[in-house]
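Engineer: Numbering (my numbering), first residue to last: 3 to 415.
For each residue, glycine too, the CB sits at the ideal point set by N, CA and C.
Computed from a predicted model, the values in this text were never measured in an experiment.
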Amino acid sequence: MDRRTFSQLLAFGAGMFSADHVEGNAIAVDDESRKGPGVPDARENGAADRDAWPASPVTISDFIPLAKAKLPKATFEYITSGSEDEVTLRDNVEAFRRMRILPPLLHGVQKTNLSTTVLGQKISMPIMLAPVAALRMFHPEGGRASARAAASAGTICITSTSVGNSVEEIAAAGDGPKWFQLYVPSDRELARKLVKRAETADYKALVVTVDLGERKDADLRNRFSLPKDMLLKHLRDIGHTKVSERNSYDELVAFNAKAWDVSLSVDFFQWLRRETKLPIILKGVLTNEAVQQSIDLKLDGIVVSNHGGRRLDGMPASIDMLKEVVEAADGKLEVLFDSGVRRGGDVMKALALGAKAVLIGRPQAWSLAAGGETGVKLALEILRDELTNAMISSGCATVDEIDASLLMPATQA
Ligand SMILES: Cc1cc2nc3c(=O)[nH]c(=O)nc-3n(C[C@H](O)[C@H](O)[C@H](O)COP(=O)(O)O)c2cc1C
Numbered sequence: 003m004d005r006r007t008f009s010q011l012l013a014f015g016a017g018m019f020s021a022d023h024v025e026g027n028a029i030a031v032d033d034e035s036r037k038g039p040g041v042p043d044a045r046e047n048g049a050a051d052r053d054a055w056p057a058s059p060v061t062i063s064d065f066i067p068l069a070k071a072k073l074p075k076a077t078f079e080y081i082t083s084g085s086e087d088e089v090t091l092r093d094n095v096e097a098f099r100r101m102r103i104l105p106p107l108l109h110g111v112q113k114t115n116l117s118t119t120v121l122g123q124k125i126s127m128p129i130m131l132a133p134v135a136a137l138r139m140f141h142p143e144g145g146r147a148s149a150r151a152a153a154s155a156g157t158i159c160i161t162s163t164s165v166g167n168s169v170e171e172i173a174a175a176g177d178g179p180k181w182f183q184l185y186v187p188s189d190r191e192l193a194r195k196l197v198k199r200a201e202t203a204d205y206k207a208l209v210v211t212v213d214l215g216e217r218k219d220a221d222l223r224n225r226f227s228l229p230k231d232m233l234l235k236h237l238r239d240i241g242h243t244k245v246s247e248r249n250s251y252d253e254l255v256a257f258n259a260k261a262w263d264v265s266l267s268v269d270f271f272q273w274l275r276r277e278t279k280l281p282i283i284l285k286g287v288l289t290n291e292a293v294q295q296s297i298d299l300k301l302d303g304i305v306v307s308n309h310g311g312r313r314l315d316g317m318p319a320s321i322d323m324l325k326e327v328v329e330a331a332d333g334k335l336e337v338l339f340d341s342g343v344r345r346g347g348d349v350m351k352a353l354a355l356g357a358k359a360v361l362i363g364r365p366q367a368w369s370l371a372a373g374g375e376t377g378v379k380l381a382l383e384i385l386r387d388e389l390t391n392a393m394i395s396s397g398c399a400t401v402d403e404i405d406a407s408l409l410m411p412a413t414q415a
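1. How far does the beta strand (DSSP E) with Lys113 in it extend, from its first residue to its last?
2. For Glu336, which residues from the same chain have a beta carbon less than 7 angstroms from its beta carbon, with the 5 sequence-adjacent residues on both sides left out?
3. Establish whether the CB of Leu234 and some CB of chain B are separated by less than 7 angstroms.
4. Can you tell me where the alpha helix (DSSP H) with Gly286 in it begins and where it stops?
5. In whole angstroms, what is the alpha-carbon distance linking Leu284 and Val212?
6. Would you say the beta carbon of Arg248 comes nearer than 6 angstroms to a heavy atom of ligand 1?
7. How should Pro411 be labelled, buried or exposed, when 16 other C-beta atoms within 10 angstroms of its C-beta is the threshold for buried?
8. Closer than 6 angstroms: is that where the CB of His141 sits relative to any heavy atom of ligand 1?
9. Provide the residue span of the beta strand (DSSP E) that contains Met130, from first to last.
10. Beta-carbon within less than 7 angstroms of Lys195's beta-carbon, same chain only, minus the 5 sequence neighbours each way: which residues are those?
11. Which residue's Cα is closest to the Cα of Gly346: Ile404, Leu299, Gly286, Met323?
12. Assuming Asn167 contacts Arg138 under a Cβ cut-off of 8 angstroms, what Cβ separation, rounded to an integer in Å, is found between them?
13. By Cβ distance below 6 angstroms, which residues in the same chain neighbour Thr390 in space, the five residues on each side in sequence not counted?
14. With H, G and I counted as helix, E and B as strand and the rest as coil, what does DSSP make of Ala1?
15. Less than 6 angstroms between C-beta atoms, sequence neighbours within five positions excluded: which residues of the same chain meet that for Leu299?
16. Quick check: the Cα distance between Ala149 and Glu86, rounded to an integer number of angstroms?
17. Hey, is Pro74 close to ligand 1, as in C-beta under 6 angstroms from one of its heavy atoms?
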């Protein structure tokens, strides 16, 4: 496979890419020797009980060493790394740290209510699970564990096309609210069927990711690849029923390389708008022009995102673009946010700049690897508690009271 093909394949997240297959690089989530600290697991313990964790994560970053101990190096680095020099990856997190909050005095609150709505759907807090590929590589329960964790936290799980479970498997995992993130099969009929399957399985919105082109040094060095069985299952889950065990790995890789439409344009969104009544959200927006296009296309929402610094290195921190994007959106579509959220205070800052809710990518992946469903539930509860505390400290009883007046002017991006 030439380098160009390789980086094109990376455009779609793990579910679709492959380096040359390396024996022994198969994912070893079930390998006892890699299990690491005895973190309780949702399969044994359904509750997000902090006392049950020997290492007691109290912050999102506490999950990182736990995930590292459980996963093969290549898998951990696939989650954690960013593209090229990781300038954007670092900036996503540091830009939040640069922002300052100035809470009003004598404006105490006794009780907080974190609930809000996104596209008319009520959620218990403004924090949702971002679409993340290959969750089944991080934990055997994969996307099902994430979906269940989101449901019990009262929030929405956005399932990636590349998650490693079929649309129906995730739907059967629990009855919590779900959205489907669409990578687009190049066979339009298959794309149509996939959209219909998501509708039938009761997903409530489609998120179309438009920032493509993932190429990460760590993944190249580690020759990170999807094992054959996962690649085969992924292709079959999408609807490619003709691929089978009899195909060699290289044949599957070649098939996969042609299976996806990388050239999304206005035509595609016009087509999708005709095909479905579900709300459509465009993920990967950083500029006013993209907001205007989304409005012209009559889309329902956007996610301000640089894909967590996994795509084009050198893009600005997402949070630095949020204010401008919200102004351009002018209330005509719902604005969600991701990239770099690690604290409840970060959620408050994003809301202060006008986001309706935030999505978490790596925090979900680390906590899933560390403890399955229990891990993701705990990560969500930590963020909920931190946000509650930030709201109490700044005199906000409800999320609607969080606004730009809380931010020091120089840091309003
Ligand atoms: C391991 C991993 C896989 C991802 N796979 C997808 C994907 O399949 N589709 C997608 O739209 N975004 C994907 N993303 C990006 C996330 O949806 C989100 O934009 C990003 O992780 C947010 O940044 P954060 O990791 O700092 O929270 C992935 C992120 C990670 C960490």
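Structural biologist: By the coordinates alone:
1. Element bounds for Lys113: n/a, residue is neither H nor E.
2. Val120, Leu121, Asp302, Gly303, Lys358
3. Absent from the structure is chain B; it holds one protein chain and no more.
4. Segment 282-287 is the beta strand (DSSP E) holding Gly286; no alpha helix (DSSP H) there.
5. 7 angstroms
6. no
7. exposed
8. no
9. 129-131
10. Gly241
11. Ile404
12. 6 angstroms
13. Thr114
14. Residue 1 lies beyond the residue range present for the chain, which begins at 3 and ends at 415; the question has no answer from this structure.
15. Phe271
16. 31 angstroms
17. no
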